Amino acid sequence: MDLDLGGRHALVCGASEGIGRAAAQELALLGASVTVLARRADALQAVADALPTPRSQVHCVLAVDMADTAALQATVEAHVAAHPAQILVNNTGGPPGGPAHTATLDAYTDAFRRHLLAGQVLVQALLPAMRAAHWGRIVNVVSTSVREPIPGLGVSNTVRGAVAGWAKTLSKELGPDDITVNNVLPGYTETGRIEQIVHDRAAATGKPADAILAGMRATVPLGRFASPAETGGVIAFLCSPAAGYITGVSLPVDGGRMASI
Ligand SMILES: NC(=O)c1ccc[n+]([C@@H]2O[C@H](COP(=O)([O-])OP(=O)(O)OC[C@H]3O[C@@H](n4cnc5c(N)ncnc54)[C@H](OP(=O)(O)O)[C@@H]3O)[C@@H](O)[C@H]2O)c1
1 MDLDLGGRHA LVCGASEGIG RAAAQELALL GASVTVLARR ADALQAVADA LPTPRSQVHC
61 VLAVDMADTA ALQATVEAHV AAHPAQILVN NTGGPPGGPA HTATLDAYTD AFRRHLLAGQ
121 VLVQALLPAM RAAHWGRIVN VVSTSVREPI PGLGVSNTVR GAVAGWAKTL SKELGPDDIT
181 VNNVLPGYTE TGRIEQIVHD RAAATGKPAD AILAGMRATV PLGRFASPAE TGGVIAFLCS
241 PAAGYITGVS LPVDGGRMAS I
């Protein structure tokens, strides 16, 4: 199976921790040069310094807030002019929890800016390099809520659906350029995001965190949460040559939790 990403450059967003950091690690192991993007420059530098270099590749850091659309555009356009990237992992932190009907307009605007507008800016910035290479990979890190909305994550459920519709449309538009566009739908994954969700549920219900965690695990046929590396590995596979005929899919990495087929 051809998993070799030697000579390719990947931009991995939300990569200072969690699933993004794990995806950067797996892509680097396959030989790609990786630019890690998030807000915290120190954390990013530590991630970049720890990335593997089996092909003597060079890794880079971009510290920028994906909520600042203009800054994101300027920063990424300048970076790819020097480091053309053919792989985009579109990922950022999840929106705060809460019901859909009580969420503020600002909460929706912020989520759309970070998840959808940022993705659009990133795709437009990287497309010239992908087209020049006649090869590209776009992977959006979304959520199982694309198929089965999750109670208590109203804004997240809403924006994930928008991202999925955008991505499917892109997959049709960019296929002729040999650019694939796919979504990874993480289930419960051991990162700061899941800790936040458990903390919020404990605060909302008064239940101990341990009981909430046990209840969540009981919904997963595999009986455990994913490690970030398991999810990052699937992202890297979708970016590999071996996944060249997969486009327009939303792939759950959820230990079998979703009920839908
Ligand atoms: N973990 C799960 O169980 C789970 C399940 C379903 C879906 N997901 C989704 O998968 C995605 C990744 O989750 P995760 O668990 O890896 O999250 P995480 O551990 O909270 O990491 C989020 C990453 O995004 C970066 N980030 C946050 N806001 C940003 C901004 N405004 N601009 C740039 N970077 C930003 C953070 O870095 P900085 O703080 O340095 O900016 C961090 O590197 C999220 O959308 C999450 O909702 C996760």
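In the numbering used here, the protein residues as written are 1 to 261.
Glycine included, each C-beta is placed from N, C-alpha and C at the ideal position.
Since this is a predicted model, take the numbers as computed values, not measurements.
Separation of residue j from residue i, as counted between CA atoms
i: A226; j: L251; result: 14 Å
i: A50; j: V159; result: 33 Å
i: V47; j: G192; result: 16 Å
i: K207; j: H9; result: 45 Å
i: V249; j: K168; result: 8 Å
i: R21; j: L44; result: 9 Å
i: L88; j: T109; result: 23 Å
i: D200; j: A133; result: 45 Å
i: V141; j: F237; result: 14 Å
i: Y245; j: W166; result: 19 Å
i: L27; j: S33; result: 8 Å
i: A103; j: G94; result: 15 Å
i: G97; j: A107; result: 10 Å
i: M1; j: A242; result: 6 Å
i: A41; j: C60; result: 11 Å
i: N157; j: P149; result: 5 Å
i: D254; j: A214; result: 16 Å
i: L116; j: A162; result: 7 Å
i: S143; j: A129; result: 28 Å
i: E17; j: R39; result: 11 Å
i: T35; j: L62; result: 7 Å
i: A71; j: M216; result: 38 Å
i: L126; j: T205; result: 44 Å
i: L3; j: G31; result: 9 Å
i: S145; j: A15; result: 22 Å
i: T69; j: A81; result: 18 Å
i: H101; j: V58; result: 46 Å
i: G187; j: Q196; result: 15 Å
i: R131; j: L29; result: 25 Å
i: R147; j: A209; result: 26 Å
i: N90; j: T247; result: 15 Å
i: C239; j: T189; result: 20 Å
Cβ neighbour criterion (16 or more within 10 Å) applied to residue i
i: L105; result: exposed
i: R113; result: buried
i: G6; result: exposed
i: L174; result: buried
i: S56; result: exposed
i: S260; result: exposed
i: V155; result: buried
i: T53; result: exposed
i: V64; result: buried
i: A268; result: Absent from the model: residue 268. The displayed extent of the chain is 1 to 261, so no value can be given.
i: L37; result: buried
i: S176; result: One detail in the question is off: residue 176 reads as Pro in this sequence, not Ser. So P176 counts as exposed.
i: A218; result: exposed
i: A85; result: buried
i: P228; result: buried
(Q) Check whether the stretch 129-143 and the stretch 178-189 touch, using three or more Cβ-Cβ pairs below 8 Å as the test. (A) Three or more beta-carbon pairs drawn from the stretch 129-143 and the stretch 178-189 are found closer than 8 Å, and the two stretches are therefore classed as touching.
Q) What are the uninterrupted segments assigned as alpha helix (DSSP H) that are 4 or more residues long and contained completely in the stretch 149-187, given in chain order? A) 154-174
Q: May I ask you to verify whether the stretch 23-38 touches the stretch 229-238, counting CB pairs closer than 8 Å and requiring at least 3?
A: Pairwise C-beta distances place the stretch 23-38 in contact with the stretch 229-238, as three or more of them are shorter than 8 Å.
Q: Run through the stretch 44-121 for me and flag every whole alpha helix (DSSP H) of 4 or more residues, listed as ranges in chain order.
A: 69-82 and 105-112
Q.
Between the stretch 68-87 and the stretch 117-134, can you find at least three pairs of beta-carbon atoms closer than 8 Å?
A. Judged by Cβ distances under 8 Å, the stretch 117-134 makes contact with the stretch 68-87, as three or more pairs qualify.
Q. Quick one: complete beta strand (DSSP E) runs, 3+ long, within the stretch 9-36?
A. 9-13
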